[in-house]
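Note sheet for the following structure.
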Amino acid sequence: MRNDLEMEVRPGRFGPSVLLVSVYLIIVGFWLVLTKRISAPPLGKLLKSYFRRRYRGRLQAYLPEQGKCFISPVPSELISDAEGTSSITLLEDGVPLPHGHAAHDDIRTKGAGRYSHWGPQVFFSASDNSNPMTNRKVYEIVEL
Amino acid sequence: MKLSNSDLMQNSVFARVVDRLVDPLTGERLRFDHDRFVSETSSYKIVAGVPRFVENDTYVRSFSMEWITHNRTQLDSFRGDQSSEDQFVKKTGFRPATISGKLILDAGVGAGRYCDVVSKWGGDVVGVDLSYAVDAASMTFRDRKNVWVIQADIANLPFADETFDCIFSIGVLHHTPDTKAYFLKLLPLLKKGGVIAIWVYPNSRDYLDRKAWVPFVNKIPPVMFYKWCRWFVPYLGRKKDSRLVGCIAKVFPCSQQGLGLENDILDTFDGLSPKYHGVHSPEEVREWFVEAGLTNIFEPSSWQTCMQGTKR
């Protein structure tokens, strides 16, 4: 079936029309960020994240939050899910925990390695729902 | 291959609703006259086996384009999985036992993603859409006698009151000029004791961000924006470890549903190109159901802003 409304389905190529749309969307994107009409990170933070080294560091202090959830501070220059989309992965003994960007209620009730980077903290649960303060496992965050 | 009008006569859904058809403008009884439906005052053509109760696709041209192009991308029958069926159950709460043998209205059929599920479950489905997606759906379901597709505006449907046992509308009403008003227009068509289920865009961050983008993106000619999506979405996938792409992804709402590249291209286009993009809170949707006098109102799943209710 084909008629005048059907569009070409083939690998996209970077041609003049794609360039024109890209320029237009970049301008619109800047304007939406500057006027805070979208929940993107502040422009300065976004640009800094482009130029600085990717962060990798061990979580140092854990505090119990609720249920299976614990919290730990992370550097505030990292863009979190509260202001955009976090790019961090949480490792447990070097292995990535399975569920990033999890709902906080799910971390509290289901646990099982769910975590969320929210503001200057990471809300997380151990993969086996043990207590990170006593389970002797090492937790690290890596910015992708 | 085009559908002929004789195909229409063999359709079991058509046989079931033919006596319930009314002129959408005047409410007069409609009569089937071989290549059209006629009332005392109007006449509605059947083109390629699809009755046309509107002149054109008015404000939904982007949907005409996307569903004719992606007529199979989201249909379980072609994908070979159950992704649409799973979504259908979560968003409507309907099960095969609720649907089998019933007369169902799919308000906003598109390419027929959920119509596919309901017809396999044994429901008799009328699929309605304002866009030319009806041509894609009609071709897809040409061999299913329990599916009948028409092109019409869901605010002015050509059916008598209390025609349908169940009505569902998933991801459609927020693309109309007034989500609540269009929802309320569906209710007279439901039989007493019938069930209606809808899902509309929630007012969560993702959808609010898209709402900010839509008035700018929908000014781009759909063909140009679609070409851009075909280039950008695969590029984003290939370069996901790049810093620049990471920054762009934090600003531009690009779809990544885990249902394949074609689905992500389709969904990125779908989410940003429509003329109307309403967002609503679960409380607001519940209030519409209460105001409409529906009973047994509940959210079938934790998927925000899905709601089911029963007509008294």
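First to last, the protein sequences are chains C and U. Count the first sequence with the working numbering and you get residues 16 to 159, in order. Count the second sequence with the working numbering and you get residues 3 to 314, in order. The beta carbon of each residue, even a glycine, is placed where N, CA and C say it ideally should be.
Three-way DSSP call (helix, strand, coil) for residue i in this model
i	result
Y154 (chain C)	strand
M309 (chain U)	strand
E98 (chain C)	coil
L27 (chain U)	coil
H282 (chain U)	strand
I106 (chain U)	strand
S32 (chain C)	helix
E80 (chain C)	coil
F65 (chain U)	helix
D21 (chain U)	helix
S87 (chain C)	strand
I299 (chain U)	strand
L47 (chain C)	helix
E293 (chain U)	helix
P315 (chain U)	With chain U represented from 3 up to 314, any question about residue 315 (chain U) goes unanswered, as that position is not in the structure.
D167 (chain U)	strand
Y103 (chain C)	Note that residue 103 (chain C) corresponds to Ile in the displayed sequence, not to Tyr. Three-state DSSP puts I103 (chain C) in a strand.
V111 (chain U)	coil
D120 (chain C)	helix
T176 (chain U)	Note that residue 176 (chain U) is His in the sequence shown here, rather than Thr. Three-state result, H176 (chain U): helix.
R54 (chain U)	strand
I41 (chain C)	helix
Residue i: first and last residue of the uninterrupted alpha helix (DSSP H) it sits in
i	result
K187 (chain U)	181-188
I267 (chain U)	263-274
C231 (chain U)	224-240
D211 (chain U)	207-219
D35 (chain U)	That residue, D35 (chain U), is in no alpha helix (DSSP H); it is neither H nor E in DSSP.
Y116 (chain U)	115-122
L246 (chain U)	245-253
V91 (chain U)	85-94
D78 (chain U)	78-81
Residue range of the beta strand (DSSP E) that includes residue i
i	result
G59 (chain C)	Note, G59 (chain C): premise wrong, no beta strand (DSSP E); alpha helix (DSSP H) at 58-66.
V197 (chain U)	192-201
S131 (chain C)	130-133
R73 (chain C)	71-73
P138 (chain C)	One point to set straight first is that residue 138 (chain C) is Phe, not Pro, in the sequence displayed. Here the beta strand (DSSP E) through F138 (chain C) covers 136-139.
S45 (chain U)	45-49
Residue i classed as buried or exposed, judged by whether at least 16 other C-beta atoms fall within 10 angstroms
i	result
N73 (chain U)	buried
M148 (chain C)	exposed
A99 (chain U)	exposed
Y65 (chain C)	exposed
L159 (chain C)	exposed
I42 (chain C)	exposed
T297 (chain U)	exposed
V15 (chain U)	buried
E285 (chain U)	exposed
K51 (chain C)	exposed
A199 (chain U)	buried
N146 (chain C)	exposed
P276 (chain U)	buried
P26 (chain U)	buried
V219 (chain U)	buried
N13 (chain U)	buried
F45 (chain C)	exposed
L34 (chain C)	exposed
F29 (chain C)	exposed
A76 (chain C)	exposed
N158 (chain U)	exposed
Query - Near-chain U residues of the segment 137-150 of chain C - C-beta to any C-beta below 9 angstroms - result: none
Query - In chain order, each alpha helix (DSSP H) run of at least 4 residues that lies wholly inside the segment 118-156 of chain U - result: 135-142
Query - Under 8 angstroms (Cβ pairs) to chain U, residues found in the segment 32-60 of chain C - result: S32, V33, L35, V36, S37, Y39, L40, V43, G44, L47, V48, R52, I53, S54, A55, P56
Query raised in the report: What residues from the segment 79-109 of chain C come within 8 angstroms of chain U, judged by C-beta to C-beta, listed N to C?
Result: I94, G99, T100, S102
Requested in this report: Compile a chain-ordered list of the residues in the segment 253-270 of chain U whose CB is closer than 9 angstroms to at least one CB of chain C.
Outcome: V253, F254, P255, E264, I267
Query raised in the report: Going along the segment 225-243 of chain U in order, which residues come within less than 9 angstroms of chain C, judged by CB to CB distance?
Result: V225, M226, F227, Y228, K229, W230, C231, R232, W233, F234, V235, P236, Y237, K242, D243
Query raised in the report: Along the segment 60-71 of chain C, what residues have a CB closer than 9 angstroms to any CB found in chain U?
Result: L61, L62, S64, Y65, F66, R69
Query raised in the report: Given a limit of 7 angstroms on CB to CB distance, which residues of the segment 27-41 of chain U reach chain C?
Result: none
Report task. For the segment 113-124 of chain C, enumerate the residues whose C-beta is nearer than 7 angstroms to any C-beta of chain U, in chain order. Result -> none
Query - Contact residues within the segment 190-222 of chain U, judged by C-beta distance below 8 angstroms to chain C - result: R207, L210, D211, A214, W215, F218, V219, I222
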